[in-house]
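Those sequence lines, one after another, are chains A and B.
Read in order, the letters of the first sequence are residues 1 to 498 in our numbering.
Read in order, the letters of the second sequence are residues 1 to 498 in our numbering.
There are 2 protein chains.
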Amino acid sequence: MNRSIDDVSDRSITASSGSDFLQLNIADAPVGGLSDWLARRLRDAIADGSLPVGSRLPATRVLAAELRVSRGVVTEAYQRLTEDGHVAGRGRGGTVVVAAPVAAAPVPAVGSPVSAPFAVTPPGADVFDALRAAPARIDLSPGVPDLAAFPRAAWLRAERAVLKALSASDLGYGDPRGAPELRRAVANWLARNRGIRVDAGEVLITSGTAQGLGLLARVLRDDGISAMAVEDPGSLGARQHLHNRQLETPPVTVDAEGVRVDELRATGARAVLLTPAHQFPTGVVLGGVRRRELMRWAGEGGLIVEDDYDAEHRYDRPPVPALRSVLPEQVCYAGSVSKLLAPALRVGWMLAPPKYRDALVDAKRFADLGNAVLPQLVLARLMESGEMERHLRLLRGRHRRRRDAMIAAIAEQLPGAVVHGAAAGLHLMITFPGARFPDTDLAAAALARGVKAQPLSWHRQRVGPPGLVLGYAATSPGGIGEGVATLGSALAVMPTGR
Amino acid sequence: MNRSIDDVSDRSITASSGSDFLQLNIADAPVGGLSDWLARRLRDAIADGSLPVGSRLPATRVLAAELRVSRGVVTEAYQRLTEDGHVAGRGRGGTVVVAAPVAAAPVPAVGSPVSAPFAVTPPGADVFDALRAAPARIDLSPGVPDLAAFPRAAWLRAERAVLKALSASDLGYGDPRGAPELRRAVANWLARNRGIRVDAGEVLITSGTAQGLGLLARVLRDDGISAMAVEDPGSLGARQHLHNRQLETPPVTVDAEGVRVDELRATGARAVLLTPAHQFPTGVVLGGVRRRELMRWAGEGGLIVEDDYDAEHRYDRPPVPALRSVLPEQVCYAGSVSKLLAPALRVGWMLAPPKYRDALVDAKRFADLGNAVLPQLVLARLMESGEMERHLRLLRGRHRRRRDAMIAAIAEQLPGAVVHGAAAGLHLMITFPGARFPDTDLAAAALARGVKAQPLSWHRQRVGPPGLVLGYAATSPGGIGEGVATLGSALAVMPTGR
């Protein structure tokens, strides 16, 4: 049925024909995305004129009954359209179309270029995929080391040695905890570089910290834990992963000394996710007083999940020992090669407190039967031969020069910006105190000019001044200069820009 | 408190001191394994005499209250001891210790040698790890191709080419669906080898079918599906993975024509896991009538999960087209390189029906952000260059000779055994019609003599004649002869052996 809008007397969709008129077929809807799907369909209908400005949407109760979905699905879809400014609630008058989008919103598809990864608030599950797929000249996204420096020749040499030494049974199904060689190499690496003394038998090899967090979340849920407090600001990606595993993430303020332990205590959460050595995204190092407060909190039964994501990268200060080195029973420690070599390797490690060790191994077994063996053996060789430390020293020099180039460019091109957390890591955070524009607008304007950066608000749960999180490690000094200059021109068009 | 058993007047443990007497400390118990832990502690106490034969266990209600666990935990622990033959219910007389194990049961540990992977019924989550870790001279476990034939030189050549051609951005975070190169190569492979026409955009790269099943189970749970029917006999491993994701697995009989579709219909399940091209473990090929019945069932809304685990390996018959090739909308297809190259590579693929495609991509993203990129690009080269087909031809010749060697050895050494499913695949199933010994005893006796094989009962949900599942692909003809001869000597000591 495809009646013209003129057939509907009062320009509203009659209650009994809402889904019919819009040709909504719930069978088309993807699982787990009903509200998204409905909002998209309604937006399309507004864009193509089937639902012109002034028309009234069916009552949520009625549309829900017709589509046989819960009323919450419809309410949420209407809410999104309201937030987009396409419809407005008119009390007893119902929900009315007030503005049409210029064109039907494109259906976001993973991997295909998406021009507006900043359009949806809060960001959806595929926001990082969308940003990655967006075309750009210069990529200042945080989270990657200098990938051009990846030690290809050393990798190939190690792979040749591994293939030569491999036994046939090494190629069968393996230990879900990881190859013994890599577990030993990681234990030695952590002793040398992070002050952690751990038996190789306690190391669990994961497909990176994202997987480790997911496995741990599952184990904690089974232990009756339903919330993991997180730093605010703190990693959006980590938060998305915890939500996906049905863990709530109460926010805890980060100040100049790190996470506020009094606030943590007030949340009542029994677990907290921290980045103590170099807080993401602020770059703050957890202070001594806070460390002692945290140790007391953990001693009373709290679990600290230590995401030691980039602690090996430091420039102007001595290394900060991992919390795990002093609290082996209360800390679940996670690290990976993503920031040491490359995220595309998908290899990480986790040290679980004794209580959760067996359950984590079970979770890993049922996740994928354990990591692939060849890359594990190659990494073990790189770590044990000193190749990895050599690479880290090379990276440190390159990264430091790039960081200095970025700080200089910011001082020149973005004089109103305040720089945070420059003593270590692979990124900087900048804020614009007193400014009132949404930082997603700034990131969108930069992307339109060919430069990728992440808005600080992505990594916040509560409101704060606008800012950007800028990776410098994977871009040449020249690219950094050009990228920051482009940010400057994007900032200039912000309504309250300097 | 460590009172001697003599203090307890009637050789029973008084209700108020059960956990105390046994020095049970619930804080020692691992998460998610309370019953296991309790059963182990009680078994130890029986073995070391703290709970001598004739003594009475505390009432389940009382012990549960003392340990602050649910009564089901205690009931289950008692049930295990009953099944082991250590305790017996005496009605009003309570649960009494009737037999002591010869020694405390060893705590099974992943990766450490375990002499008795066949002692626990039904097999636990770590049973395959335990069997793998057990020392043996000859391994006739099913599920692996000839691993000694792994094309090491071709792999290294492809890796060199990949490292040379790689861009720096390839080393960053990637598409959670997999590298475009491998998705294209898999689509081409499936067209050439399995009669499947699929767009590369629909291919999801996984860390093997175990992961794929887990991701799919999660998506199906979100769609309100709580059961996936499975073949009986059928893969224990697959069943364990589905249980781990809270899916029930109603059994459906497999006869000479394959799965019984009338029985499937009677289960009421909305999804079924099948191995149509070469049923595991029976080796039956799904017959034409059954295929049509299945298509009708699927057409009424049923989802078929097609585990095409070893269909490329066939010897005496033409290829069987995949169900996915005729039912793209109702089949979720899963394949991997585990049987083509090596399980240790942990790479597989899944083709989902349109309805579940986006949800599966989300599940993969939150599982691990996608597979590692280097092995994907290497595999893509091996598949597109014809190297993989060359390897498959080489394997076919070797496997056929090994299969023939095994059939000859069985005819000579195990004359009472019936051989099933020899026309394809990497394993045989043998049964002993009329025999009454538990096949786990036979497998245990074989392992004690240095030969690994899987008891058929592991792969059954319902009772059936004893049997073994024997892999021949990874063992030389000489090893196969010796292994089967050893099975013969193990069979000779079975109580009702021929």
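Where a beta carbon is used, it is the ideal one built from N, C-alpha and C, also for glycine.
Any Cβ of chain B closer than 8 Å to the Cβ of E181 (chain A) would place that residue at the interface, and such an atom is absent. Identification of chain B residues near Y333 (chain A) by a Cβ-Cβ cut-off of 8 Å yields none; the smallest Cβ-Cβ distance measures about 18 Å.
Taking 8 Å as the upper bound for CB-CB distance, P276 (chain B) and G258 (chain B) are in contact here, some 7 Å apart. Bounds of the alpha helix (DSSP H) holding W37 (chain A) are 34-47.
Note that the C-beta distance between G488 (chain A) and R137 (chain A) is not below 8 Å. The closest CA to that of G93 (chain B), considering only B:E76, B:R80, B:R71, B:S55, is found on B:S55.
By the C-beta criterion, the region 475-488 of chain B is judged to be in contact with the region 444-459 of chain B, since at least 3 inter-stretch pairs fall below 8 Å. At least 8 Å separates the beta-carbon of L171 (chain A) from that of L236 (chain B). Secondary structure at D404 (chain B): helix, using DSSP grouped into helix, strand and coil.
In this structure, the beta-carbon distance from Q240 (chain B) to A125 (chain B) falls below 8 Å. For P251 (chain A), the enclosing beta strand (DSSP E) covers residues 251-255. In the DSSP assignment, Y356 (chain A) falls within the alpha helix (DSSP H) that extends over 354-368. Going by DSSP, S336 (chain A) is part of the beta strand (DSSP E) stretching over 331-336. Nearest C-alpha to R40 (chain B) among B:N193, B:T440, B:R80, B:V53: B:R80.
For Q279 (chain B), the secondary structure class from DSSP, reduced to helix, strand or coil, is coil. With fewer than 16 neighbouring CB atoms inside 10 Å of its own CB, D316 (chain B) falls in the exposed class. Counting of Cβ neighbours within 10 angstroms places G72 (chain A) among the exposed residues, the total staying below 16. In the structure shown, the three-state DSSP call for Q376 (chain B) is helix. Residues of chain A with a Cβ closer than 7 Å to the Cβ of E159 (chain B) are, in chain order, L156, E159. Contact between the region 468-485 of chain A and the region 152-165 of chain A is absent, with fewer than three C-beta pairs closer than 8 Å. In this structure E300 (chain A) is exposed. Its beta-carbon is surrounded by fewer than 16 other beta-carbon atoms within 10 angstroms. Taking 8 Å as the cut-off, the Cβ atoms of Q279 (chain A) and E231 (chain A) count as close.
Counting only runs of at least 3 residues, the region 417-468 of chain A fully encloses the following beta strand (DSSP E) elements, listed from N- to C-terminal order: 418-420, 427-431. Counting the other CB atoms within 10 Å of its CB gives A77 (chain B) a total of 16 or more, which places it among the buried residues. Listed in chain order, the non-local C-beta contacts of R402 (chain B) below 8 Å within the same chain comprise D146, Y472, A473, T475, S476, P477, I480, local neighbours out to five positions each way being set aside. Taking a cut-off of 8 Å for Cβ pairs, the region 378-392 of chain B and the region 256-273 of chain B do not touch, as fewer than three such pairs fall below it.
When DSSP states are grouped into helix, strand and coil, L341 (chain A) belongs to the coil group. Exposure of T121 (chain A) is indicated by the presence of fewer than 16 other C-beta atoms within 10 angstroms of its C-beta. Between the alpha carbons of D358 (chain B) and N25 (chain B) lies a gap of roughly 46 Å.
Going by C-alpha positions, A27 (chain A) is about 45 Å away from P465 (chain B). Here R324 (chain B) is not near L286 (chain B), since their CB atoms are 8 Å or more apart. With the criterion set as a beta carbon lying under 8 Å from some beta carbon of chain B, the members of the region 360-388 of chain A are V361, D362, R365, F366, A367, D368, L369, G370, N371, A372, V373, L374, P375, in sequence order.
Annotation for M494 (chain B): A435, F437, D441, L442, A445 place their beta carbon closer than 8 Å to its own, counting only its chain and skipping 5 residues before and after.
Excluding sequence positions up to five before and after V53 (chain A), its CB lies within less than 7 Å of the CB of V97, V98, A99, A100, all in the same chain and listed in chain order. One finds nothing in chain A with a Cβ atom closer than 8 Å to the Cβ of D44 (chain B); even the nearest lies about 17 Å away.
DSSP places R160 (chain B) within a helical segment (H, G or I) once states are collapsed to three.
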